[in-house]
Amino acid sequence: MFKSQEGFSLIEVLIALVVVSIMVSGLLDFWTINDRLIDRTGIRLQALRLAKMSIERFKAELLKGDKSKAFIERLKEIRIKEEEEERYFKNWYPEVSFEREISFEQKNFNNSNSYWVVVKVSWDNKSLELRRLFADH
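Counting from 14, one number per residue, gives the positions in the sequence shown under my numbering.
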């Protein structure tokens, strides 16, 4: 009664259309979720790169810096330079606001002044913290 010319019934055609639409909908959802994951991972990698870059700059500046100044003063000067560079990082992801906080924690280690340089990068209620121990030689 409800047969098409090729021999499929109208119900079979409707079932096939529903199945195909469910599959297409599932693929579209997967692509959307995948894009969001890639974007989040990219933002996290940029935050990690920002923190690592700050730590590496501390290392480089301490090696070539003025050794006659107190160690903590040299660290503070480098932090000021890093904070001035902050505006360049905002170009990476204009829709995400990175906030970077650089702090120091003193640690007495083998009778020398040592400081943890702590770089904390925050974005969208998430944060990442990187630490590196530097000692005054």
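Every residue gets a Cβ at the ideal spot worked out from N, C-alpha and C, and that includes glycine.
Owing to the predicted nature of the structure, the values given are computational and were not obtained by experimental measurement.
Spatial neighbours of residue i within its chain, please: CB distance less than 8 Å, with the 5 preceding and 5 following residues excluded, ordered by chain position.
{"i": "Ser-127", "result": "Gln-119, Lys-120, Asn-121, Leu-146, Phe-147, Ala-148 and Asp-149"}
{"i": "Lys-94", "result": "Arg-70 and Glu-74"}
Taking 6 Å as the limit between beta carbons, can you name the residues of its chain near residue i, skipping five residues before and five after?
{"i": "Met-14", "result": "Confidence is the limiting factor: at Met-14 the pLDDT is only 47, short of 50, which leaves the residue's position unreliable and the question unanswerable from this model."}
{"i": "Glu-112", "result": "Ser-135"}
{"i": "Arg-87", "result": "Gly-78"}
{"i": "Ala-83", "result": "none"}
Secondary structure at residue i, three-state DSSP: helix, strand or coil?
{"i": "Ser-67", "result": "helix"}
{"i": "Ser-34", "result": "helix"}
{"i": "Ala-73", "result": "helix"}
{"i": "Phe-160", "result": "Nothing in the structure corresponds to residue 160, since the chain is present only between 14 and 150."}
{"i": "Lys-133", "result": "strand"}
{"i": "Lys-94", "result": "helix"}
{"i": "Lys-89", "result": "helix"}
{"i": "Ile-78", "result": "The identity of residue 78 in the sequence shown is Gly, whereas the question assumes Ile. It is coil, neither helix nor strand."}
{"i": "Ala-60", "result": "helix"}
{"i": "Ala-83", "result": "coil"}
Quick one: residues in its chain with C-beta nearer than 7 Å to the C-beta of residue i, no 5 flanking neighbours on either side, listed in chain order?
{"i": "Arg-92", "result": "Ile-115"}
{"i": "Ser-140", "result": "Lys-133 and Val-134"}
{"i": "Leu-143", "result": "Ala-64, Lys-65, Ile-68 and Val-132"}
Looking at the strands, I want to know which residues DSSP matches up with residue i.
{"i": "Ala-148", "result": "Ser-127"}
{"i": "Ser-140", "result": "Ser-135"}
{"i": "Lys-112", "result": "One point to set straight first is that residue 112 is Glu, not Lys, in the sequence displayed. Bridge partners of Glu-112: Ser-135."}
- Touching or not, the region 24 to 44 and the region 55 to 72, by the rule of three or more beta carbon pairs under 8 Å? Fewer than three pairs of CB atoms, one per stretch, sit closer than 8 Å, so the region 24 to 44 makes no contact with the region 55 to 72.
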